[in-house]
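Here's the structure we're looking at; comments come further down.
Protein chains in written order, with the numbering used here: chain A, 3 to 116; chain B, 1005 to 1114.
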């Protein structure tokens, strides 16, 4: 199993540009989570999906952030327009639906907004 | 806001020594999990302890849970240089959402 796949691994962009981060969960996992990690705020849950439906987006910082899960094998997190304070490592994780057990994390996307 | 709070924030020990990290949380939980994160990598699950369990072992790892004190500890015995990483506790309540603590940075010197 390839595990959770994220792309790109690194992204450098300029303020105001649109950024799209991608995630492919582990096959058969029905829940997907997007996290953001910074030194100041630690690891924060942004949004999670069950069976492709957003369940809790209370962690999404503002309207500039949006996430979609068009099918069970793909999700995107979009920031438009990006700002320097969005610089962070963004992780995707997946889990079998209804399970409260192990979350499997991807390698992360390191985003730098100049 | 984060529920789990780890203590200490950073720990430096010699190879072969034991490392103990503590985690406190605020609300009722279904289970508590510990994850490890190596520099520049994603988090990796280490061990899960359910709310009705008090202690659990996995290899060199020992986790305890005291629900009356809302606290947990992770003990790594006979530490190795490869154990150098950040360690996070995460609590699961209702639903499958995890809330992570701020983490403990462990450095094992060889």
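Glycine included, each C-beta is placed from N, C-alpha and C at the ideal position.
Taking the alpha-carbon positions, what's the residue i to residue j distance?
i: residue 103 of chain A; j: residue 1100 of chain B; result: 8 Å
i: residue 1106 of chain B; j: residue 1090 of chain B; result: 10 Å
i: residue 84 of chain A; j: residue 28 of chain A; result: 28 Å
i: residue 70 of chain A; j: residue 1093 of chain B; result: 28 Å
i: residue 1030 of chain B; j: residue 1076 of chain B; result: 12 Å
i: residue 47 of chain A; j: residue 1103 of chain B; result: 8 Å
i: residue 1113 of chain B; j: residue 1066 of chain B; result: 21 Å
i: residue 18 of chain A; j: residue 109 of chain A; result: 26 Å
i: residue 1069 of chain B; j: residue 16 of chain A; result: 46 Å
Step through the CB atoms of chain A and report whether any lies within less than 8 Å of the CB of residue i.
i: residue 1106 of chain B; result: yes
i: residue 1101 of chain B; result: yes
i: residue 1045 of chain B; result: yes
i: residue 1061 of chain B; result: no
i: residue 1052 of chain B; result: yes
Compare the C-beta of residue i against all C-beta atoms of chain B and say whether one is closer than 8 Å.
i: residue 105 of chain A; result: yes
i: residue 79 of chain A; result: no
i: residue 109 of chain A; result: yes
i: residue 58 of chain A; result: yes
i: residue 93 of chain A; result: yes
i: residue 97 of chain A; result: yes
Tell me the DSSP secondary structure of residue i in three-state form.
i: residue 1045 of chain B; result: coil
i: residue 88 of chain A; result: helix
i: residue 4 of chain A; result: coil
i: residue 1086 of chain B; result: helix
i: residue 1071 of chain B; result: coil
i: residue 10 of chain A; result: coil
i: residue 116 of chain A; result: coil
i: residue 72 of chain A; result: strand
i: residue 65 of chain A; result: coil
i: residue 1115 of chain B; result: No statement about residue 1115 of chain B is possible, as the shown extent of chain B runs from 1005 to 1114 and does not include it.
i: residue 44 of chain A; result: strand
i: residue 1011 of chain B; result: strand
i: residue 1 of chain A; result: Lying before the first or after the last residue shown, residue 1 of chain A is absent from chain A, which here runs from 3 to 116.
Using 8 Å as the limit for Cβ to Cβ distance, is residue i near chain C?
i: residue 114 of chain A; result: No chain C is part of this structure, whose protein chains are labelled A and B.
State yes or no: is the C-beta of residue i nearer than 7 Å to some heavy atom of the ligand SAM?
i: residue 1022 of chain B; result: The ligand SAM is not part of the structure shown, which contains no ligands of any sort.
> Can you find at least 3 beta carbon pairs, one from the stretch 1057-1072 of chain B and one from the stretch 1007-1020 of chain B, that sit closer than 8 Å?
Replying inline: They do not touch, by the three-pair rule.
> Just checking, does the stretch 63-82 of chain A make contact with the stretch 28-39 of chain A on the three C-beta pairs under 8 Å criterion?
Replying inline: yes
>> Please identify, using Cβ separations under 9 Å, the residues of the stretch 22-52 of chain A that lie next to chain B, in order along the chain.
In response: 33, 35, 37, 39, 43, 44, 45, 46, 47, 50, 52
> At a cut of 8 Å, does the stretch 56-68 of chain A reach the stretch 1021-1041 of chain B through at least three beta carbon pairs?
Replying inline: no
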